[in-house]
Amino acid sequence: MKNNIFLILLACLTFQANATEVQPTTATVVNEALTEQGYFAFNFGEYKVIALRDGSIDLKGSLFNKNLSSEEVQQVFAKANLSQSQYLPTSVNAFLIDDRHGNLTLVDNGAGSCMGDKLGAMATNIQAAGYKLSHINSIMLTHLHLDHVCGLTQNNVSVFPLATVYVSEPELAFWSAEQVPQSVAEDKRANYQATAAQIKAVLAPYQLSKSLRTFKAGSDINGIEVIQSTGHTPGHYSYLLKSQNKALVFVGDIVHSHTLQFIEPKLSVDFDTDPVQASHTRESLFAQYAEAHTWIAAPHLPFPGVGEIVELSTGHYQWKPLGSPATPATPATPATPATPATPA
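Numbering (UniProt numbering), first residue to last: 1 to 344.
Set out below in structure tokens:
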């Protein structure tokens, strides 16, 4: 079966570089094949990048309700041929960066056992892709929501025993506060407290082993630049990987829906900590990445969650996933990973 999947992918990903039109049927074939496999490795300059599927969650359409009037929200849903009452299947992805010299950096790590049995496949898919969990030496968290951080531990034991975990200083401070931050709305305080307790438990083994580190704006980690992208959470960051005049940004949760938020980036979700700031961040970065033809890798876009943003008109965009003619990719040849470098 895996051989069949690879042949499908190879056929679907071999496109002419000057192609401009998306072929939805082809993209669907790629998505279905990759979803079944659970991982997809592709070459990015000098690096090998592996998209990893943790599972999926269903987001109710009515959660997409911030920054627009009710009428404007209805118009966005109508354009997408969706209803606010329906549930939107939403992928949960993470990404492994292999520099081919023994350094393995994981960006986010899925929900572990925190959010039900439809999630939690991250560790299994890392191993299916040919890597040992003990060989991963760095984990960069875009933020500390449970679907990005709970994969760090299993039964209170570190899943990645030799990894150093990085998170922004303001993000850790927000979720570690002794009192509920004043910025948290009254109706969301109970949820904040429950979530914060789970986050603290997940991070505890890494704090105990002194393997949890924070960073500030302007930092560089393993040659990867950090990019402030606040709004979804107070300390949300994205990560920029550059190689051979190419750029790939691991954007985190600046976007949750490929059907709604590209056509209208102003639309935010109810669980953004600051929905207005989240929309400003999304609008600014979408414009920047579209103009520069920068690839993005996103945790909640359809697996593998990698592709380009194309501007349709001022302030309105279209998602061009990896596997479409606009965003071709070369599948990486499966290989045994190099022996990891000794952690610092």
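Glycine residues also receive a C-beta, built at the ideal position from the N, C-alpha and C atoms.
Within a Cβ cutoff of 6 angstroms, which residues of the same chain sit near residue i, ignoring the five residues on either side of it in sequence?
{"i": "H256", "result": "V269 and H300"}
{"i": "S158", "result": "P205"}
{"i": "F64", "result": "L260, L267 and V269"}
{"i": "D98", "result": "K48 and L104"}
{"i": "E311", "result": "A290 and Y317"}
{"i": "L240", "result": "E225, I227 and V249"}
{"i": "G45", "result": "S243, Q244 and K246"}
{"i": "L144", "result": "E171, W175 and I199"}
{"i": "K216", "result": "E169"}
{"i": "A129", "result": "Y39 and I50"}
{"i": "G116", "result": "none"}
{"i": "L208", "result": "none"}
Grab the span of the alpha helix (DSSP H) containing residue i for me, first residue to last.
{"i": "D147", "result": "L146 to V149"}
{"i": "R282", "result": "P275 to A292"}
{"i": "residue 345", "result": "There is simply no residue 345 to check, as the chain begins at 1 and stops at 344 in what is shown."}
What distance in whole Å lies between the Cβ atoms of residue j and residue i, which are believed to be in contact at a cut-off of 8 angstroms?
{"i": "L82", "j": "T259", "result": "6 angstroms"}
{"i": "Q193", "j": "V180", "result": "6 angstroms"}
{"i": "F262", "j": "I309", "result": "7 angstroms"}
{"i": "T214", "j": "V167", "result": "6 angstroms"}
{"i": "N93", "j": "P304", "result": "7 angstroms"}
{"i": "G252", "j": "S238", "result": "5 angstroms"}
{"i": "I221", "j": "M140", "result": "6 angstroms"}
{"i": "Q84", "j": "S113", "result": "Not quite, the Cβ-Cβ distance comes to about 31 angstroms (not below 8 angstroms), so this is no contact."}
{"i": "V306", "j": "L322", "result": "4 angstroms"}
{"i": "T153", "j": "V202", "result": "5 angstroms"}
{"i": "T164", "j": "D108", "result": "Not really, about 15 angstroms apart at Cβ, beyond 8 angstroms."}
{"i": "E283", "j": "V76", "result": "E283 to V76, Cβ: 14 angstroms. No contact."}
{"i": "L106", "j": "Y87", "result": "In fact, because the Cβ distance is near 29 angstroms, the residues do not count as touching under 8 angstroms."}
With DSSP as the reference, identify every bridge partner of residue i, one or two as the case may be.
{"i": "H316", "result": "S313"}
{"i": "S176", "result": "S176 is not bridged to any residue."}
{"i": "T214", "result": "V167"}
{"i": "L240", "result": "E225 and V249"}
{"i": "M115", "result": "Per DSSP, none; premise fails for M115."}
{"i": "L106", "result": "L96 and I139"}
{"i": "P89", "result": "D58"}
{"i": "residue 411", "result": "No answer is possible for residue 411: the residues shown for the chain start at 1 and end at 344."}
{"i": "V184", "result": "Paired residue(s): none; V184 is not in a bridge."}
{"i": "E308", "result": "K320"}
{"i": "S268", "result": "K66"}
Once you ignore the five residues that flank residue i on each side, which residues in its own chain have a CB closer than 7 angstroms to its CB?
{"i": "N67", "result": "K266, L267, S268, P275, V276 and S279"}
{"i": "P161", "result": "S134"}
{"i": "I126", "result": "L52, L96 and L133"}
{"i": "K118", "result": "G55, S56 and I57"}
{"i": "T281", "result": "S229, T230, G231 and I254"}
{"i": "S219", "result": "V226"}
Within the continuous beta strand (DSSP E) that includes residue i, where are the two ends?
{"i": "L68", "result": "That residue, L68, is in no beta strand (DSSP E); it is neither H nor E in DSSP."}
{"i": "M122", "result": "Premise fails: M122 lies in the alpha helix (DSSP H), M122 to A128, not in any beta strand (DSSP E)."}
{"i": "R100", "result": "Here R100 belongs to no beta strand (DSSP E), and DSSP marks it neither H nor E."}
{"i": "I50", "result": "Y47 to K60"}
{"i": "N43", "result": "Y39 to F44"}
{"i": "I296", "result": "W295 to A297"}
{"i": "I139", "result": "S138 to M140"}
Excluding the five sequence neighbours on either side, which residues of its own chain have a C-beta within less than 8 angstroms of the C-beta of residue i, listed in chain order?
{"i": "A121", "result": "G38, R53, D54, G55 and G110"}
Within 8 angstroms (strictly less), CB to CB, does residue i reach chain D?
{"i": "L104", "result": "No chain D appears in the structure shown, which is made up of a single protein chain."}
Would you call the stretch 170-177 and the stretch 222-240 touching, i.e. three or more CB-CB distances under 8 angstroms?
Contact between the stretch 170-177 and the stretch 222-240 is present: 3 or more CB-CB pairs across the two stretches fall below 8 angstroms.
Is the stretch 291-307 close to the stretch 237-248, with three or more CB pairs under 8 angstroms?
Flag = yes, the stretch 291-307 and the stretch 237-248 touch.
Would you call the stretch 139-152 and the stretch 184-193 touching, i.e. three or more CB-CB distances under 8 angstroms?
Cβ pair count under 8 angstroms is below three, so no.
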